[in-house]
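First up is the structure itself, then whatever we jot down about it.
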Amino acid sequence: MPYLQRTFFERSALFVAPDLLGCTLVRLKDGIRLAGVIVETEAYQGEEDLGCHARAGRTPRTEIMYGSAGHAYIYFTYGMHWMLNVVTEREGYPAAVLIRAILPQEGLDEMTRLRPNLARTAHWTDGPGKLTQALDLNGGMNGLDLCAPASPLFIEPAGQATAVAQMVTGPRIGLTSVPEPWKSIPWRFRPKI
DNA sequence: GGCCCGATACTCT
DNA sequence: GAGTATCGGGCCC
Numbered sequence: 000m001p002y003l004q005r006t007f008f009e010r011s012a013l014f015v016a017p018d019l020l021g022c023t024l025v026r027l028k029d030g031i032r033l034a035g036v037i038v039e040t041e042a043y044q045g046e047e048d049l050g051c052h053a054r055a056g057r058t059p060r061t062e063i064m065y066g067s068a069g070h071a072y073i074y075f076t077y078g079m080h081w082m083l084n085v086v087t088e089r090e091g092y093p094a095a096v097l098i099r100a101i102l103p104q105e106g107l108d109e110m111t112r113l114r115p116n117l118a119r120t121a122h123w124t125d126g127p128g129k130l131t132q133a134l135d136l137n138g139g140m141n142g143l144d145l146c147a148p149a150s151p152l153f154i155e156p157a158g159q160a161t162a163v164a165q166m167v168t169g170p171r172i173g174l175t176s177v178p179e180p181w182k183s184i185p186w187r188f189r190p191k192i
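According to numbering that gives the first Met the number 0, the residues represented by the first sequence are 0 to 192, in order.
The following block contains the structure:
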């Protein structure tokens with residue numbers, strides 16, 4: 000099965016984020032497939048979105064978000080965690096979707112090695128900082144093109160799209176000092192259990 | 001199961 | 001220099 004092409008990502012983050020639910024995030028590491036189904040995303044878009052890093056305008060860090068869709072925006076936060084986002088929208092407009100959680104499917108042995116302190120599979124990748132650890136992603140992969148042939152990181156389409164009725168939305172996590180309406184705007188997406 | 005708290009370093013002011 | 005799109009351990013139910 001092919002992977003998601005650039006046109007998929009060249010849309011509003013508000014469409015891409017829910018559409019990514021059920022898709023499979025794949026990381027090729029030394030020929031091994033580390034993969035999981037995406038089960039939580041958040042949309043960040045525009046300089047007017049005060050929860051988005053681009054609120055400060057173009058800086059060396061946010062430059063990637065202004066670039067072409069389908070590229071990885073991987074940044075460092077809290078002194079120890081890497082976060083994986085996928086750039087969306089047209090070039091010049093800063094927007095991205097944060098991938099917050101996946102369900103591990105393939106490469107479980109390798110993930111065991113990358114997450115040595117956790118015994119239970121479900122908790123290996125149920126947070127944005129956790130899944131980058133489990134997939135061995137870090138700043139070295141910032142700017143990677145997920146739509147390029149033979150990319151070590153890409154996303155496979157969902158067998159079946161998640162219907163709106165089977166989806167839960169809510170405020171984005173961790174925006175403690177962000178003013179309203181951005182703090183509470185329901186741009187976080189999960190499948191209903 | 002949940003709450004509290006410290007770790008830790010990068011980005012922009 | 002302040003703030004941060006978090007995690008995991010310790011503790012208490």
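A virtual CB, placed ideally from N, CA and C, is assigned to each residue, including glycine.
Option nearest Ser11 by Cα separation, candidates Met64, Ile31 and Pro1: Within the first sequence, residue 11 is the residue found at index 12, counting from 1. Selected option, being the one with the closest Cα: Met64.
Only counting the same chain, and skipping five residues up and downstream in sequence, which positions put a Cβ closer than 7 Å to that of Glu105? Taking the first sequence and counting its residues from 1, the one referred to as residue 105 is at position 106. Counting only Cβ-Cβ distances below 7 Å, and skipping sequence neighbours, we find Arg32, Leu33 and Ala34.
Is the beta carbon of Ala100 sitting closer than 7 Å to the one on Val25? Sequence index remark: in the first sequence, residue 100 carries index 101 (1-based). Sequence index remark: in the first sequence, residue 25 carries index 26 (1-based). Contact: no.
Kindly indicate which three-state DSSP category Val194 falls into: helix, strand or coil? There is no way to answer for residue 194, as the model of the chain reaches only from 0 to 192.
Under DSSP, the beta strand (DSSP E) around Met82 begins and ends at which residues? On the first sequence, residue 82 is found 83 positions in, with the first residue counted as 1. Element bounds for Met82: His80 to Val86.
Beta-carbon proximity of Glu41 to Leu97, cut-off 7 Å: Here residue 41 corresponds to residue number 42 of the first sequence, with the count starting at 1. Here residue 97 corresponds to residue number 98 of the first sequence, with the count starting at 1. Between Glu41 and Leu97, the C-beta spacing is below 7 Å.
Identified DSSP bridge partners for Glu105: The residue labelled residue 105 in the question sits at position 106 within the first sequence. The beta-bridge partner set that DSSP reports for Glu105 consists of Ala34.
Assess contact between the region 144-162 and the region 113-120, defined as three or more Cβ pairs (one per stretch) separated by less than 8 Å. Is contact present? Result no; under three Cβ-Cβ pairs closer than 8 Å.
Quick one: what's Gln44 bridged to in DSSP? Taking the first residue of the first sequence as position 1, residue 44 is located at position 45. Gln44 pairs with Ala94.
Tell me, please, whether the region 108-117 touches the region 46-54 by the rule of three or more beta-carbon pairs shorter than 8 Å. Segments in contact, no.
Residue span of the alpha helix (DSSP H) that contains Thr6, given as start and end: Along the first sequence, read from residue 1 onward, the residue named residue 6 stands at position 7. Residues Arg5 to Phe8.
Roughly how many whole angstroms lie between the Cα atoms of Leu19 and Ile192? Counting from one through the first sequence, the residue named residue 19 turns up at place 20. Counting from one through the first sequence, the residue named residue 192 turns up at place 193. Answer to the nearest angstrom: the Cα atoms are 16 Å apart.
Residue burial classification, Glu88 (beta-carbon count within 10 angstroms, cutoff 16): Here residue 88 refers to the residue found at position 89 when the first sequence is read from its first residue. Around the CB of Glu88, 16 or more other CB atoms lie within 10 Å, so the residue is classed as buried.
What does a CB cutoff of less than 7 Å around Gly169 pick up in its chain, not counting 5 residues either side in sequence? Start at 1 with the first residue of the first sequence, and residue 169 comes out as number 170. Cβ contact annotation for Gly169 (same chain, cutoff 7 Å, sequence separation greater than five): Pro185 and Arg187, in chain order.
Residue from Ala164, Gly142 and Ser183 whose Cα sits closest to the Cα of Tyr74: Within the first sequence, residue 74 is the residue found at index 75, counting from 1. If we check each option's Cα against that of Tyr74, Gly142 comes out closest.
For Ala71, which option in Thr131, Thr161 and Thr175 has the closest C-alpha, if you only look at C-alpha atoms? On the first sequence, residue 71 is found 72 positions in, with the first residue counted as 1. For Ala71, the nearest C-alpha among the options comes from Thr131.
Which word fits Ala16, buried or exposed, when buried means at least 16 other C-beta atoms lie within 10 angstroms of its C-beta? Within the first sequence, numbered from 1, the residue matching residue 16 stands at position 17. Label assigned to Ala16: buried.
So within the region 102-145, which uninterrupted beta strand (DSSP E) runs reach at least 3 residues, ignoring any that extend past its ends? The region 102-145 contains no whole beta strand (DSSP E) run of 3 or more residues.
Only counting the same chain, and skipping five residues up and downstream in sequence, which positions put a Cβ closer than 7 Å to that of Gly66? As a working note, residue 66 is residue 67 in the first sequence. Contacts found: Val86 and Glu90.
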